[in-house]
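Sequence lines, in order, name chains B and L. So for the first sequence, this note's numbering puts the first residue at 1; every next one is plus one. So for the second sequence, this note's numbering puts the first residue at 550; every next one is plus one. We treat Cβ as the ideally placed atom computed from N, Cα and C, and that holds for glycine. Please read these numbers as outputs of a predicted model, since none were measured by experiment.
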Amino acid sequence: MKWILFSLILLSFIPLSQSQNDYRTLDEIKNYLMDLVDSNSEFASMEKLALSPGGHEVWLLKLGRGDEELSPGILLLAGADGSHPAGTHLLLGLSQRIAEQFQEKTGKDQYFYLVPVLNPDAYKQYHADLQYERLVNARETDIDRDGRISEDGYDDLDGNGMITLVRIEDPTGNFIPHEEDNRVMIPLEDRSKASTIYRLITEGVDNDKDGRFNEDGPGGINLNMNFAFNYPAFQPGAGEHAVSEEENRLLAEFLFKRWNIHTVFSFTRENNLTHPLVFDQNKVSSRIITGPFEGDAKIGQQVSQLYKRFLDGDSAPKMDQGPGSFSAWAYFHYGRFSFVSPGWWPGTVKIEDESGDEGSKGPGRNSNNSENYDLQFIQWADANGVDDFFVSWTEFDHPDFPGRKVEVGGFKPFVRHNPPPSFLDPVIDSHWVFLQAYQEKLPALEFQDVRVEQLESRIWRIRGRVVNVGDLPTSTELGDRTRWVRDIRNRILLSEGQELLFGSERDFYKSLKPGEYFEFSWLVSGRGEVTLEVAHPMSFDDTIKIDLR
Amino acid sequence: MNSSSISRLLFFCLLILGFQLPVDVVKSQDGEPGLRAIGTPHDPRVPMSWNRYHNNKQIADFCKRLVEAYPNLAKMKVIGQSFKGNDIIALTISDFETGDPDRKPAFFIQANIHPNELQGTEIAMYTAWYLTENFERVEFITNLLRDRTFYILPTINPDGRDYFIYEPNNPNSPRSGLIPFDDDGDWEIDEDGFDDLNGDGHITMMRRENPNGRWKVDPKNPLRMIRAADGEPGQYDLLGYEGIDRDGDGRVNEDRTGYYDPNRDWGWNWQPDYVQRGALMYPFATPENRAVKDFVLSRPNIAGAQSYHNYGGMFLRGPGAEEDRDSYDRNDLRVYDLIGQKGEKMVPGYRYLTVYKDLYSVFGGDVDFFHGMRGIFSFVNELMTSYHLFHDRSQIGRWEDSQFYDFDKYLLFGDGYVPWEPFDHPQFGPIEIGGPKKNYVRNTPGFLLEEEAHRNMAFTLLHAHQMPMLKIRQPKVVELGRNLFEINVTIDNTRVTPTHASHDLRHRITPPNLITIEGAEVVSGWVMSNPDLQVGNEQYSGPESLRVRNIPGMGSVHLRWVVAGNPNEVTIIVDSQKGGLVTENFNLRQQ
């Protein structure tokens, strides 16, 4: 518990990096990264991973020290979800904290890789003249597969520069206003009890007169639907095939070269951190594996507990990892521990008191009485003085619904998942404390009980074991099945004149859970120094030297 | 009949003969006249012999010569580079004077994805050669090039091809491209490959005498090793392919050049390596397949596809995995069955099979990508079968059997095998080395290659011929009164392949066919399901261009436009991605 206190004390002294009034533009992000690299050039660098179809760079920031091949790494990624600038903001805040950790020059050799915006084409829409929650990149795409490209996008009917909703009074509709707050529209359950029923569409007209609204706007491919696990072929936005987009492909290309990445954290509107995946034997018994292995699910539960010590899990929304999502892919195909959360939700922040017991809840946390995220958001907004998040329903003469009452309005784009950035400062703090705790748990290999027995004057037996003394497995159980996760290498290096009589110079072992070990035995002839070296790209390694004399 | 009428007839016959002279009785290369063998171009502008295997340079050279000889029929394009920087070449073969080749229904041919499976390349080249050399000589071919386009990629794994040809290999190696990987998971890359111990350019087998071994020499053929029966002493241990343990891990040849399978790399129903051995990190991880995929995606006119592999004598259709059964429904299978079953007659010894049912599971195979992701009817041919050896149907199999030894003895006179010879192995001691040469067993022997090429080509031409062929019938006009007229148009598809496979329709892969009328003032437009009984659907928006989801194989669609004013001349345009672009003018007043 000491280090948590220490961290919290430390945090209070760190000047919060320029408190932002609004989310950064792509240029501002680039400048932020360049400044960070310039002032930390000893351990920081950045590279361009890819160029988006819209001509924007996808940046990768690397912070780390030590032999990169053999020092455990953590990947942090945001902006796979194109309309989630809060994730990017959180990640940039963390980058500052990570840099400060390396400035301290304490701690072990390790690496952090950060991708702040995977989908810059979509991210840009936040700052565009017409603001809407865009998920797709700028690749020219016939999203509805009708032979016409981008022929039916949103239309700003009320001219307020943002895309909200249109509701049409229509007895065949499927939505009604929530009885607690009529700003919130919910699916209709009992038609006989409803007074006014609405049809709900996004803001726009049926430009191509195909009976569907806004089904083929500008772009593009949703990068968070385009990865190869559980790929939703032919779904709008999924692309022509899995990993069709260069942003995704080059990210994957980069990751598969980085054997040392142990864990992937991503920030999107998905959540397995407060709602961890559960083990299901059926899902790992079938040919195509669709659920976590038992040991991995257990780690998922533990990490979730850890996360919920710093962030309020009770108020966190359940958000499944979608088909083709990056975070699911990072576990099932990349074979790494992969955790994802939106980072912020109404009621995120939780302050832990000294005793480690559950302390006071963050402001606006009042969600037990409601399953509805929108209501939860409104309660949070009211409690925190956030207004201006809603466009009141205003009547509009819609050309596609002559003779019906049509209104334009609804939540402003982005607001429900992206609070004003100042509200993210404590969220960054909480995540940093969590991340510090997490990195302390990274696997560490250690030689233990090494015994040297002299059999004859010039022959020695060296026996012992290698233990994982960390609090996380060296790699996932799934990783033991894929060739893209390396085995542990245990080897003996001899001096000149020495010979190995028994045992092989290097042996390879599958993953070790915390406390698990393997045993080894070598028979060496010849005096001199031998070096035992156990190495694993994702773990802290160990080397010992023994003088045989 | 008087003499003058006889001489007139004679003259007429001569005229016909004379007309045919350049085709049938042309002079051969050395100036001596000869008689054209039926079915073969007699005096080709691009002389070729089809009893050999070509390297990358020779393939490129062939393509260049073909384009030079037939600039109106052949184009060549480099569509990308391999991992090692070799060009990947695509030929476009069509009659360029009868329309844009990229708008005609197109047939796609690719070969040699597995580098040890050479002969698909020769068959692809033969196809390009045969089509161009027979244009305006064989009417069927002339019409085929008028109506269709062929995209032919002779090798989509040029790195592997030259590696197989020039480096020591066995009949099964390599199956991959040349991207280096750590096959055995020891953190080192390609550190323990084959060793051509006897320096003959072939990687054959190692055997060592052991009085209690489980192998013995086949008494009927001293080259062949057979298992000793249980309870019976053997003579030898088999020690695997030629090699030594280079990295001291106790294993031989366990980390060689290439390990992955480029035919587990395609982006339909792709699965990672722990489900599908040979898969790489993600779909289209190889630059070669990526280039081919981009080529295919940029040509939505491709309606039929063929991949060449070896061996076993098979016409394979998908699905590769049982999980994917639903993507082949009854309507689609009707097309596959017609072509596949006809193929069994055209290439004796070949069988029409389904990958997952009759062979093994494949996730991420090319044939599935074409069908699954693009809705293209596609086959994989596994070339070369033991049936070719002695036409013995009872012994058709996928593996090397005694027939290959008999064939080697009686027809190859010992050219197929390296005889067992002693060798002093640094780790195994005295051993013997011998076995099939790398170019035997899987790759068709020279004198059979031209026949294999022709028959397989004919199979693809059948498939290409059966791609959609759209025809517009003369419209019928009915006067409705009040200056309104009804124009009824029927579009026929005269071949078995629909413009949209069922799988395509289900997932809206290909946009609908667009059928447009010009030259009339359209009031409303209808797609009629039963024009006689006046049953149909009106298209409210843009009725002059009717969107028709499918024109079925050997079927028709009926369209109706109500127009203002008595129509005079109209143009009907049928714009179908896979069925082509057909434009016709009609004079309606003549009726």
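- Looking at the DSSP output, I289 of chain B shares a beta bridge with no other residue.
- With contacts defined by Cβ atoms closer than 8 Å, M1006 of chain L and Y715 of chain L do not form a contacting pair.
- Put simply, of B:A194, B:G73, B:E180 and B:T164 the residue whose alpha carbon is nearest the alpha carbon of T172 of chain B is B:A194.
- B:E496 is the residue among B:S430, B:E496 and B:S511 whose C-alpha sits nearest the C-alpha of T531 of chain B.
- For K765 of chain L, DSSP records a beta bridge to L:I775.
- With its beta carbon less than 8 Å from one in chain B, S1090 of chain L belongs to the interface.
- A contact between stretches requires three or more CB pairs, one per stretch, nearer than 8 Å, and the stretch 735 to 744 of chain L fails this requirement with the stretch 813 to 826 of chain L.
- Setting aside the 5 residues that flank it on each side, T1009 of chain L is surrounded in the same chain by F656, I658, T676 and Q855, each with a C-beta closer than 7 Å to its C-beta; the list follows chain order.
- Nearest CB-CB separation between H333 of chain B and chain L: below the 8 Å threshold.
- Within the same chain, Cβ atoms closer than 7 Å to the Cβ of R601 of chain L are found at G995, the five residues on either side in sequence being excluded.
- Among the CB atoms of chain B, one or more fall inside 8 Å of the CB of Q820 of chain L.
- By the rule that beta-carbons nearer than 8 Å mark a contact, G73 of chain B does not touch chain L.
- W484 of chain B has a beta carbon lying within less than 8 Å of a beta carbon in chain L.
- Shown here for D767 of chain L: same chain residues with a beta carbon closer than 6 Å to its own, the five before and five after excluded, namely R773 and I775 in chain order.
- A straight line joining the alpha-carbon of N770 of chain L with that of P664 of chain L spans about 30 Å.
- Relative to N850 of chain L, the option among L:A1069, L:V1111 and L:M1018 whose CA is nearest is L:M1018.
- Per DSSP, E666 of chain L lies in no alpha helix (DSSP H) and is assigned neither H nor E.
- Contact between Y198 of chain B and E179 of chain B does not hold, since the beta-carbon distance rounds to 14 Å and is not under 8 Å.
- The residue from B:L75, B:A233, B:V408 and B:H417 with its alpha-carbon nearest to that of G161 of chain B is B:V408.
- Between E140 of chain B and the set B:G237, B:P177 and B:L60, the nearest pair of CA atoms involves B:G237.
- With a cutoff of 8 Å on beta-carbon distance, L60 of chain B and E47 of chain B are scored as near each other.
- If you check the CB distance, R1057 of chain L and R145 of chain B come in under 8 Å.
- If the five residues before and after G750 of chain L are omitted, its C-beta is found closer than 6 Å to the C-beta atoms of P717, all from its own chain and listed in chain order.
- Under the Cβ distance rule, I288 of chain B counts among the residues neighbouring chain L, one pair being separated by less than 8 Å.
- Taking a 10 Å sphere around the C-beta of Y877 of chain L, we find 16 or more other C-beta atoms and assign the residue as buried.
- Residue contact check for P811 of chain L against chain B: no CB pair falls below 8 Å.
- When B:D429, B:E477 and B:G464 are compared, the shortest CA-CA separation from E533 of chain B is found for B:G464.
- At least 8 Å separates the CB of S521 of chain B from every CB of chain L.
- In terms of beta-carbon proximity, D917 of chain L stays away from the interface with chain B, with every pair separated by 8 Å or more.
- Burial state of V627 of chain L is exposed, judged by a 10 Å Cβ sphere holding fewer than 16 other Cβ atoms.
- Under the three-state reduction of DSSP output, W484 of chain B falls in the coil class, being neither helix nor strand.
- In terms of beta-carbon proximity, F833 of chain L lines the interface with chain B, with at least one pair separated by less than 8 Å.
- Per DSSP, Q305 of chain B is one residue of the alpha helix (DSSP H) stretching across E294 to F310.
- Residue nearest to E446 of chain B within the set B:E440, B:G515 and B:L273 is B:G515 (criterion: CA-CA distance).
- For G528 of chain B, the enclosing beta strand (DSSP E) stretches over residues G528 to A535.
- Within 10 angstroms of the beta-carbon of L1082 of chain L lie fewer than 16 other beta-carbons, which makes it exposed.
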